[in-house]
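Visitor: In our numbering, the protein residues as written are 352 to 516. Shown below is the structure under consideration.
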């Protein structure tokens, strides 16, 4: 084909290409590139500002994180208390409180299922020493809506001794 023998569709494409070039100015292209480059930086910075000043979030703090009961006689029980505090700025929901060893640690007094911001409550539990002597570590797991730590673990340590020791 010579240049005079162009297909009609080729001519249409050439017209639409030139129309596209007329509609998109170089200034618009520079604007789009700036938006992509600097808009990402602005959004990143805005995210940092929001996370610093904070969206409303709960934050569970337990005290103590580790309870050392020291020496205990086999088969005896002792009470433990854990302070659950919400250091966040939104309502904290306690979703589940459990121990993998349910016969070792039993929750006696379940706290309220929600803790207001900057408030606290106490969790009371009963630790039952096993019938065998030895050092042991058990855990109490607290699941909440804290976005930074959905599960918080309290460790309970004991040195279980036989009656004749």
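Where is the CB? At the ideal position from N, CA and C, for every residue including glycine. Note that the structure is a prediction, hence the values are computed from the model and not measured.
Check whether the region 494-511 and the region 408-423 are in contact - that is, three or more C-beta pairs closer than 8 Å.
Guide: Enough Cβ pairs lie closer than 8 Å, so yes.
Visitor: Please tell me whether residue 411 and residue 503 are closer than 7 Å, where the distance is taken between their beta carbons.
Guide: As a working note, residue 411 is residue 60 in the chain shown. As a working note, residue 503 is residue 152 in the chain shown. Closer than 7 Å, so yes.
Visitor: Comparing the C-beta of residue 486 with each C-beta of chain D, is any distance below 7 Å?
Guide: In the structure shown, chain D cannot be found, because there is only a single protein chain.
Visitor: Kindly indicate which residue of 439, 435, 441 and 497 has the alpha-carbon position closest to the one of residue 460.
Guide: As a working mapping, residue 460 is identified with position 109 in the chain shown. It is 435.
Visitor: First and last residue of the beta strand (DSSP E) that includes residue 510?
Guide: In the chain shown, residue 510 corresponds to position 159, counting from 1. That run of the beta strand (DSSP E) goes 502-512.
Visitor: Contact defined as beta carbons within less than 8 Å: I believe residue 497 pairs with residue 409. What is the distance between those atoms, to the nearest angstrom?
Guide: Locating residue 497 in the chain shown gives position 146, where the first residue counts as 1. Locating residue 409 in the chain shown gives position 58, where the first residue counts as 1. The Cβ separation is near 5 Å, so the contact holds.
Visitor: So which of 483, 492 and 500 has the shortest CA-CA distance to residue 453?
Guide: Within the chain shown, residue 453 is the residue found at index 102, counting from 1. Checked all of 483, 492 and 500; the closest Cα to residue 453 is 492.
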